[in-house]
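Residue numbers (the working numbering), protein chains in the order written: chain A, 2 to 96; chain B, 270 to 438.
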């Protein structure tokens, strides 16, 4: 039975020019996430360290990391990952 | 501000041509269009290079802070797009300003107005454009639009008087 990622917590370094609403909106709209939250951990002159929590039915990790890369963010570490085992019936339903 | 340069240059050129004894509108409009093209190309290349260099330096600073190459990101794309957009605007603005001032002379070359009338209309168009530019600058600077407009017109009058005196000498 396959397992889908439902929650990922990342430690992300982002440019200060990229606002938190823009960041979470972009992840929500284009990386297939259903719920995204970002918490500022550290503020520097040109950068900010953010704890990014991404939740969804089935998170595409490659898509998420690719989107963050495109937004100019550097993923420093993947701090937490939650997966859910899915029965074959649900896999068919989910496509 | 590049539009200001275009208007001033064409104002000086038309008055200089007229007061140095020139009376052929075709010659004036040909040289005017050539000057507009030159100003457009100059504005495009100058702005493209300076904007690109300045923004590339800013991106480099950000890359140093982020410890990563930002060329393939939205920041790299924004750098190229913004430099190109600024160059297009700086190419069109002086050319458009110059051509607007030269438009009455084009009417003269079509025998719709006499050349001295066309020169007077060009001066009036130029001063009106300078006032409008100054007024707009005053508005966005939240200063005194009328004062800004008057200063711009003053600069235009100064150029006109200087060129007239030089042409008549």
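Glycine included, each C-beta is placed from N, C-alpha and C at the ideal position.
- For residue 370(B), the enclosing alpha helix (DSSP H) begins and ends at 343-378.
- Annotation: residue 22(A) to residue 349(B) spans about 24 Å, alpha carbon to alpha carbon.
- A Cβ of chain A is located within less than 8 Å of the beta carbon of residue 335(B).
- Relative to the Cα of residue 34(A), the nearest Cα in the group 86(A), 54(A), 48(A) belongs to 54(A).
- DSSP, reduced to helix, strand and coil, places residue 39(A) within a strand of the structure shown.
- Measuring C-alpha to C-alpha distances from residue 401(B) to each of 333(B), 366(B), 301(B), 283(B) identifies 366(B) as the nearest.
- The beta-carbon of residue 348(B) is placed no less than 8 Å from the nearest beta-carbon of chain A.
- Contacts between residue 71(A) and chain B, judged by CB atoms closer than 7 Å, involve 342, 343 in chain order.
- Chain order gives the chain A residues near residue 330(B) as 47, where near means a beta carbon separation below 9 Å.
- A Cβ of chain A is located within less than 8 Å of the beta carbon of residue 339(B).
- Here residue 418(B) has 400, 403, 404 as same chain residues with Cβ atoms under 6 Å from its own Cβ, once five neighbours each way along the sequence are excluded.
- Within chain B, no residue has its beta carbon less than 8 Å from that of residue 3(A); the closest one is some 32 Å off.
- Taking a cut-off of 8 Å on C-beta distances, the segment 321-335 of chain B does not touch the segment 27-44 of chain A, as fewer than three cross pairs fall below it.
- Between residue 425(B) and residue 396(B), the C-beta gap is smaller than 8 Å, which places the two residues in contact.
- Among the residues of chain B, those whose CB is under 9 Å from the CB of residue 75(A) are 335, 336, 337, following chain order.
- The DSSP assignment places 36-44, 48-56 as complete runs of the beta strand (DSSP E) inside the segment 9-64 of chain A, in order along the chain (cut-off: 3 residues).
- Contact check between the segment 10-28 of chain A and the segment 44-53 of chain A: three or more CB pairs, one atom from each, fall below 8 Å, which counts as touching.
- Ranking 32(A), 12(A), 46(A), 57(A) by CA distance to the CA of residue 5(A) puts 57(A) first.
- The segment 352-364 of chain B makes contact with the segment 302-320 of chain B; the number of CB pairs closer than 8 Å reaches 3 or more.
- For the pair of segments examined, the segment 338-349 of chain B was found not to touch the segment 288-297 of chain B: the number of CB pairs separated by less than 8 Å stays below three.
- Residue pairing by DSSP places residue 78(A) opposite 12(A) in a beta bridge.
- Per the C-alpha coordinates, the member of 30(A), 77(A), 73(A), 87(A) positioned closest to residue 10(A) is 77(A).
- Contact check for residue 32(A) and residue 64(A): beta-carbon distance about 5 Å, within the 8 Å limit, so the pair qualifies.
- Cβ neighbours of residue 375(B) within its own chain (closer than 6 Å, five residues either side excluded): 298.
- DSSP, read as helix, strand or coil, puts residue 6(A) in strand.
- Listed along the chain, the chain B residues whose CB falls inside 8 Å of the CB of residue 22(A) amount to none; the nearest CB is some 15 Å away.
- Rounded to the nearest whole angstrom, the CA to CA distance from residue 283(B) to residue 322(B) is 36 Å.
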